[in-house]
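Chemist: The sequence shown begins at 47 in the numbering used here and counts up one residue at a time.
All residues carry an ideal CB built from backbone N, CA and C; glycine is no exception.
One structure, pasted below without further comment.
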Amino acid sequence: MTTIIAVCGTMGSGKSTVVEHVAAALPDCEAIFEDDFNRTTERSLEQIDLWWRQGADLGKLDLSLLTQHLEIRCPEKRHSVSTSSSAPRRQNKRIILLETHFGRLHPALSPWIDFQVWIDTPADIAVMRKIAQLSAEMQAQHADNQTDGLRWIEEFCRGYLTTTRKLFEMQRQKVRQLSELSIDGQGTALDVCTTFLQSLPEKYLPEELA
47 MTTIIAVCGT MGSGKSTVVE HVAAALPDCE AIFEDDFNRT TERSLEQIDL
97 WWRQGADLGK LDLSLLTQHL EIRCPEKRHS VSTSSSAPRR QNKRIILLET
147 HFGRLHPALS PWIDFQVWID TPADIAVMRK IAQLSAEMQA QHADNQTDGL
197 RWIEEFCRGY LTTTRKLFEM QRQKVRQLSE LSIDGQGTAL DVCTTFLQSL
247 PEKYLPEELA
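Here's what the structure looks like:
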């Protein structure tokens, strides 16, 4: 049976980089990214803030496209997902690394996840990484329009102060608590990925790495 390892962290924590690099390093390993299926990221800050004020019910964040994809990629897990989540599961070396914002905290994902890792990156580092990344992308696309870039940075910072910061705190308090492993995300990509591989239980690793 396929093992699904959730890799969680805040925006800018480095979880996507970890998933990409570790998936490339492990044989018979597939990377799946929640944002490829999650339409929540297309919501405005006003919509997200309204969702927060209404109770921040994660079940209202539609991940049906993602769970449908998981059913296709590992159909043998469907029976265990549809029954008790505490039922014993056979282990083997095939791994899906699932990059996800909330992991087991989201009710639709919880029964699919066998092991969860939290990438623990301080909020200031995570925010600066994200601003640097997106600013570089904007410069490449609109190198002749600095006003657009400055306006985007202003909106990003205002959004962080009013909305994004609350999501960060929810993730840090609740998602980390549901994770079997927490890894310091402050180092280089190589350092973090090396720690990730060294910290995984041996039953998930191929014999040559165990």
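1. Kindly give me the distance between the Cβ atoms of Ile165 and Gly231, rounded to whole angstroms, as I take these residues to be in contact under 8 Å.
2. Measure from the alpha carbon of Leu112 to the alpha carbon of each residue in Val68, Ile142, Leu227, then state which is nearest.
3. For the alpha helix (DSSP H) containing Gln162, list its first residue and its last residue.
4. Looking at Val221: is its Cβ nearer than 8 Å to the Cβ of Cys75?
5. For Glu76, does the three-state DSSP call read helix, strand or coil?
6. Straight-line CA distance for Ser131 to Leu155?
7. Relative to the alpha-carbon of Gly233, which residue among Leu91, Asp81, Lys61 has its alpha-carbon at the smallest distance?
8. Applying the criterion that 16 or more other CB atoms from any shown protein chain within 10 Å of the CB defines a buried residue, is Val65 buried or exposed?
9. In whole angstroms, what is the alpha-carbon distance linking Cys203 and Pro252?
10. Would a check of beta-carbon distances place Val53 closer than 8 Å to chain C?
Modeler: This is what the structure holds:
1. For the purposes of this step, residue 165 is taken as residue 119 along the sequence shown, with counting starting at 1. For the purposes of this step, residue 231 is taken as residue 185 along the sequence shown, with counting starting at 1. Between Gly231 and Ile165 the Cβ distance is about 4 Å, and since that is below 8 Å, they are a contact.
2. Residue numbering aside, residue 112 sits at position 66 when the sequence shown is read from its first letter. The option with the nearest alpha carbon to Leu112 is Ile142.
3. Walking along the sequence shown from the start, residue 162 turns up at place 116. That residue, Gln162, is in no alpha helix (DSSP H); its beta strand (DSSP E) goes 161 to 166.
4. Start at 1 with the first residue of the sequence shown, and residue 221 comes out as number 175. Start at 1 with the first residue of the sequence shown, and residue 75 comes out as number 29. No, Cβ-Cβ distance for Val221 and Cys75 is not below 8 Å.
5. Position 30 of the sequence shown, counted from the start, is the residue given in the question as residue 76. In the structure shown, Glu76 sits in a strand (DSSP, three-state: E or B).
6. As a working mapping, residue 131 is identified with position 85 in the sequence shown. As a working mapping, residue 155 is identified with position 109 in the sequence shown. With a pLDDT of 49 at Ser131, under the threshold of 50, the modelled position of that residue is not reliable, and the figure given next carries that caveat. Between Ser131 and Leu155, the C-alpha separation is close to 11 Å.
7. Taking the first residue of the sequence shown as position 1, residue 233 is located at position 187. Answer by Cα proximity: Lys61.
8. For the purposes of this step, residue 65 is taken as residue 19 along the sequence shown, with counting starting at 1. Val65 comes out buried.
9. Here residue 203 corresponds to residue number 157 of the sequence shown, with the count starting at 1. Here residue 252 corresponds to residue number 206 of the sequence shown, with the count starting at 1. Going by the C-alpha atoms only, they are around 43 Å apart.
10. Chain labels in this structure do not include chain C; a single protein chain is all it has.
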